[in-house]
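Read the structure below first, then the notes.
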Amino acid sequence: IGDLWVREPSGIFWEHRATQIAIQAVNRLRWLLSASSRGPVAVGGSPSGDPYQLPSLCVAAVVEAEGLQAVNLGPDSPLDSLLIAVDSLDAALVWLSLSGNGEALQRLQKHVTLDVTALAPHIRQCAFRLPLRVGHARR
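Residues 171 to 309 in my numbering are what the sequence shown spells out, letter by letter.
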């Protein structure tokens with residue numbers, strides 16, 4: 171689908187429809203896999219400025235397939251909210267999903283770097299008890 175939304179009026183419809191179908195498929199996989207997800211809690215999402223639902227949802231599915239209980243905060247989640255969830259749920263693992271391309275991804279990475287720097291004291295406290303995974307898909 172790519173950038174069809176830029177070239178044709180129907181492009182947004184097709185992109186949004188394809189995204190919803192993919193979300194439904196991943197949620198069905200999560201439902202099938204979650205019966206055995208009784209392990210520690212994992213919390214994650216996409217940071218403020220990242221509107222994409224699917225990447226973090228896919229991480230949640232993989233985490234559940236590995237036996238953890240995934241709490242996906244979804245897209246556009248401020249990092250301080252993520253840390254509140256980590257503390258409240260006593261998370262054993264945290265993920266942060268970054269999605270985008272070109273300049274948009276560079277701006278997002280800069281924004282996340284500033285947020286992580288501002289939250290560094292809290293992150294240092296958490297670092298002794300949980301890993302932080304940061305990743306993104308390049309397009």
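Glycine residues also receive a C-beta, built at the ideal position from the N, C-alpha and C atoms.
All values derive from a computational prediction rather than experimental measurement.
If you run the structure through DSSP and keep just helix, strand and coil, what is residue i?
| i | result |
| --- | --- |
| residue 309 | Model confidence at residue 309 stands at a pLDDT of 48, short of 50, so the residue's coordinates are unreliable and nothing is read from them. |
| residue 239 | strand |
| residue 248 | coil |
Apart from the five residues on each side of it in sequence, which residues of its chain come closer than 6 Å, Cβ to Cβ, to residue i?
| i | result |
| --- | --- |
| residue 178 | none |
Here's a check: name, in chain order, each residue in its chain whose Cβ is nearer than 8 Å to the Cβ of residue i, leaving out the five neighbours to either side.
| i | result |
| --- | --- |
| residue 281 | 217, 218 and 219 |
| residue 238 | 207, 209, 210, 211, 212, 262 and 263 |
Let me check understanding here. Comparing Cα to Cα, which of the options lies closest to residue i?
| i | options | result |
| --- | --- | --- |
| residue 243 | 236, 260, 264 and 237 | 264 |
| residue 250 | 185, 182 and 266 | 266 |
| residue 255 | 245, 184, 180 and 241 | 241 |
| residue 202 | 176, 231 and 188 | 231 |
| residue 228 | 246, 259, 258 and 196 | 196 |
| residue 248 | 274, 268, 272 and 176 | 268 |
So, for residue i: in the same chain, excluding its five sequence neighbours on each side, which residues have a beta-carbon less than 7 Å away from its beta-carbon?
| i | result |
| --- | --- |
| residue 174 | 181, 184 and 185 |
| residue 145 | The requested residue 145 does not occur in the structure, where the chain is confined to residues 171 to 309. |
Inset, instruction - Determine contact between the segment 223–235 and the segment 179–195, defined as no fewer than three beta-carbon pairs at a distance below 8 Å. - result: yes
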